[in-house]
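Here the structure comes first, spelled out in structure tokens, and everything after it is commentary.
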């Protein structure tokens, strides 16, 4: 029986010559995300992987449904597997916002789903690191969030040679649009943003055509991008990053505008410096979303970013920044003489209670087979009960051996 | 907008006077599960939360569908949100078993789903710690697995006064059944197991009636349970546990037989000793399942257990074994003089890079307000830039203060 197309199994260790995903690599990434978020005093939350479909259509309009993994449940409810975390966050904040001092700094590591037309190798799920700051309008919050993004990537060993944050502003484009829009303009600003968003991927002729339909020329748009003059808001963020010593990781790039409708101010994306991969992360301000999701009850400015596990993993692999995911066996207890199995079990229990990862042969096996297994597991030590009182400990790296009293074994495992 | 009935939001900290779940408590439980599993040299895996419906009906028959969270996807596939992990594990093992030395010792922490008729407060999802050993028939594997279960519960601070493992055997009941079954018997053994499984919850008259329909009396069944004579297999497990010093945690109890059809040998459940809660964990042998799921291609004996997060959390709460889930702020950097904000940002960055969890006021705020926030966050230290060269560090517990050079700050934070 096969798993569903677009979904991943995560095996304990990468299997040579297969495209199998590694649970250890996933856990390595999750732990790093968590560690850096906690240093920034972000706190963890999570919501259900399933939400009412309405939560997502309220936010993004009915067009979003075409990309959703949605269905009708047994209670005739319209349901969707969450395609993003922000609507859930806005719902949760709106429900209990009075219990939290502002600004709220929260993170989550949700699994997200989509159901687009299937393309070869295209995944229908991924995991995403989400970090958000809620309740602060000042660009200092944007700087704090971008600094977290930078330090998360640095946490994996990536440097300014490996990635760059492209920083932009919907406000800058809004001002551009408003100052030049044709007098007949009638709610086309978001359409304009969408053309800008596709500028890098689309043919110039196509962009020119679409812009001209909206009353703009590609030349004036490109000129604005090339000038790249930071707004006061962006300038403030860049100065804040400079004070942190992080200025070199960010550059103003108005080609970034982000596809989603709900962004309101500063937007940004993280890219690998060589331009080989899709965006590593993206985010921005969404000051109106909490109000929208709460039906007008709660009004709070907000901003956040998401970083997926798939592109990140590809990048870390390419830059050789993934550690080996071997078994972390500390001690392999060898049972040479079966009459010592009870004492060996006692030793195993003692060592595990003391925090060591211990393996042994569950059933009688030849000594050389046991030793081979210890080596396969890259165990740091073997330990063998010699008699009722003593244990022989061998360091598999240095090959040093020592015989210790039973209770003293732990002191020789370093 | 409300979340779906039966699903949980996980907030960063428990909110007083609400039934809100805590993401920190969840993470505390997950980390403990992971830590103990690794000591036993179990390795982590995971599969998709969605699987083809067939994976579960193959294993459990079509009746299971009534309890499943199943639906039809946009590609007209019959899909289910996983109600348990074992079929996914069997599928994964069958697909790549040649790459792994036996016995395989794997664990996972999946979120599981069900869709039963709704009852008040009844959850439709929970998280479950799953540990399995695959490829070993010897009772030594059962003992290793049960030892892991015991040590996992002990890892939370629970003792032999708090919980007990009730150990039983389908083989013992099989022998009982076969030796006394009426000559007309025709595949009623599983029906018999189901009556035994409900013995504790059902009225004696009801059990008597059902047993008698199968050709047995309640008296002979009760006699067998009260005698509680361990089989050779159970005896071997108990001796193995005794060698580990874990004998006191287990007792033979034939009232346990487990409801699921696929168990084949030893079965067990963990209960709180006072009998206040539902089972904390349950498991057993399922030697035929890998063969069934792989369509006969792979034949491997197997055993495992599952431990849910909900009952465990209730029990830990009742026994006061949950730590406080306060913010883990190490240092609150006070910005008294706004002209020192750039230096303060540099200090914050230095401390975070050194691994400290650091918080500060993103925007100008009165000093007493900043200090109050530091206290709310239970920060261990405050740090304040005094001038271009020095930082004043205050230990909020001892109230000791020290002025240190900028780069020397880290050395005063312990």
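Chains as they are written, first to last, in the numbering used here: chain W, 1 to 414; chain V, 415 to 828. Don't be surprised by glycine CBs; every beta carbon is placed ideally from N, CA and C. Remember, it's a predicted structure, so these values are computed and weren't measured experimentally.
Three-state secondary structure (DSSP) of residue i
{"i": "residue 544/V", "result": "strand"}
{"i": "residue 829/V", "result": "Outside the shown range of chain V (415 to 828) lies residue 829/V, about which nothing can therefore be said."}
{"i": "residue 438/W", "result": "Because chain W spans 1 through 414 in this model, residue 438/W falls outside it and cannot be assessed."}
{"i": "residue 221/W", "result": "helix"}
{"i": "residue 794/V", "result": "coil"}
{"i": "residue 105/W", "result": "strand"}
{"i": "residue 484/V", "result": "strand"}
{"i": "residue 354/W", "result": "coil"}
{"i": "residue 385/W", "result": "strand"}
{"i": "residue 20/W", "result": "coil"}
{"i": "residue 554/V", "result": "helix"}
{"i": "residue 703/V", "result": "helix"}
{"i": "residue 629/V", "result": "coil"}
{"i": "residue 720/V", "result": "strand"}
{"i": "residue 208/W", "result": "helix"}
{"i": "residue 151/W", "result": "helix"}
{"i": "residue 325/W", "result": "coil"}
{"i": "residue 63/W", "result": "helix"}
{"i": "residue 7/W", "result": "coil"}
{"i": "residue 712/V", "result": "coil"}
{"i": "residue 594/V", "result": "helix"}
{"i": "residue 785/V", "result": "helix"}
{"i": "residue 408/W", "result": "helix"}
{"i": "residue 456/V", "result": "coil"}
{"i": "residue 360/W", "result": "strand"}
{"i": "residue 570/V", "result": "coil"}
Where the alpha helix (DSSP H) through residue i begins and ends
{"i": "residue 723/V", "result": "723 to 732"}
{"i": "residue 24/W", "result": "23 to 39"}
{"i": "residue 417/W", "result": "In the structure displayed, chain W extends from 1 to 414; residue 417/W sits before or after that span and is not available."}
Enclosing beta strand (DSSP E) for residue i [first to last residue]
{"i": "residue 579/V", "result": "577 to 583"}
{"i": "residue 51/W", "result": "50 to 52"}
{"i": "residue 699/V", "result": "695 to 699"}
{"i": "residue 504/V", "result": "Residue 504/V -> not in any beta strand (DSSP E); alpha helix (DSSP H) instead, spanning 500 to 510."}
{"i": "residue 81/W", "result": "78 to 81"}
{"i": "residue 526/V", "result": "525 to 527"}
{"i": "residue 405/W", "result": "401 to 405"}
For this session: Assess, as a yes-or-no matter, whether the segment 109 to 118 of chain W is touched by the segment 277 to 294 of chain W under the definition of 3 or more beta carbon pairs within less than 8 Å.
Result: no
Exercise. Got a sec: which bits of the segment 550 to 561 of chain V sit with their beta carbon under 7 Å from any beta carbon on chain W, in order along the chain?
Worked result: 550, 552, 554, 555 and 558
Exercise. What residues in the segment 229 to 243 of chain W bring their beta carbon closer than 7 Å to a beta carbon of chain V?
Worked result: 240 and 243
Exercise. Name the residues in the segment 765 to 791 of chain V whose C-beta lies less than 8 Å from a C-beta of chain W; which are they?
Worked result: 766, 767, 769, 770, 771, 772, 773, 776, 777, 787, 790 and 791
For this session: Jot down the residue ranges of each uninterrupted beta strand (DSSP E) in the segment 639 to 699 of chain V, minimum 3 residues, whole runs only, in chain order.
Result: 664 to 666, 680 to 686 and 695 to 699
For this session: Determine which residues of the segment 721 to 746 of chain V have a Cβ less than 7 Å from any Cβ of chain W, and write them out in chain order.
Result: 741, 742 and 743
Exercise. When the Cβ atoms of the segment 328 to 335 of chain W are set against those of the segment 295 to 307 of chain W, are three or more pairs found closer than 8 Å?
Worked result: no
For this session: Please determine if the segment 222 to 235 of chain W and the segment 128 to 135 of chain W are in contact, where contact requires at least 3 C-beta pairs separated by less than 8 Å.
Result: Cβ pair count under 8 Å is below three, so no.
Exercise. Is the number of C-beta pairs between the segment 672 to 686 of chain V and the segment 460 to 475 of chain V that are closer than 8 Å three or more?
Worked result: yes
For this session: Below 7 Å between beta carbons is the criterion; list the residues of the segment 154 to 176 of chain W that meet it against any residue of chain V, in chain order.
Result: none
Problem set entry | Three CB pairs or more closer than 8 Å across the segment 439 to 456 of chain V and the segment 79 to 92 of chain W | No contact exists between the segment 439 to 456 of chain V and the segment 79 to 92 of chain W.
Exercise. Between the segment 685 to 708 of chain V and chain W, which residues of the former have CB atoms less than 7 Å from a CB of the latter, in chain order?
Worked result: 707
Problem set entry | Touch test, the segment 793 to 805 of chain V against the segment 71 to 89 of chain W, Cβ-Cβ under 8 Å, three pairs minimum | The segment 793 to 805 of chain V, when compared against the segment 71 to 89 of chain W, does not touch it at the 8 Å Cβ threshold.
Exercise. Is there contact here, the segment 678 to 691 of chain V with the segment 619 to 630 of chain V, by at least three beta-carbon pairs under 8 Å?
Worked result: Put simply, the segment 678 to 691 of chain V does not touch the segment 619 to 630 of chain V. Fewer than three CB pairs are less than 8 Å apart.
Problem set entry | Inter-stretch contact (C-beta, 8 Å, three-pair minimum) for the segment 331 to 344 of chain W and the segment 366 to 385 of chain W | Enough Cβ pairs lie closer than 8 Å, so yes.
For this session: Decide yes or no for the touch test of the segment 644 to 657 of chain V against the segment 554 to 563 of chain V: beta carbon pairs closer than 8 Å, at least 3 of them.
Result: yes
Exercise. With a cut-off of 8 Å, do at least 3 Cβ pairs link the segment 144 to 162 of chain W to the segment 313 to 324 of chain W?
Worked result: Segments in contact, yes.
For this session: Determine which residues of the segment 49 to 68 of chain W have a Cβ less than 8 Å from any Cβ of chain V, and write them out in chain order.
Result: Within the segment 49 to 68 of chain W, the residues whose Cβ lies closer than 8 Å to some Cβ of chain V are 49, 50, 51, 52, 54, 55 and 58, listed in chain order.
Exercise. Are three or more beta carbon pairs between the segment 588 to 606 of chain V and the segment 699 to 710 of chain V nearer than 8 Å?
Worked result: Flag = no, the segment 588 to 606 of chain V and the segment 699 to 710 of chain V do not touch.
Exercise. Given 8 Å as the limit, is there contact between the segment 579 to 597 of chain V and the segment 703 to 714 of chain V, that is, 3 or more CB pairs closer than that?
Worked result: no
Problem set entry | Inter-stretch contact at 8 Å, needing at least 3 Cβ pairs: the segment 399 to 409 of chain W / the segment 512 to 522 of chain V | no
Exercise. Which residues, in order along the segment 796 to 809 of chain V, keep a beta-carbon less than 7 Å from a beta-carbon of chain W?
Worked result: none
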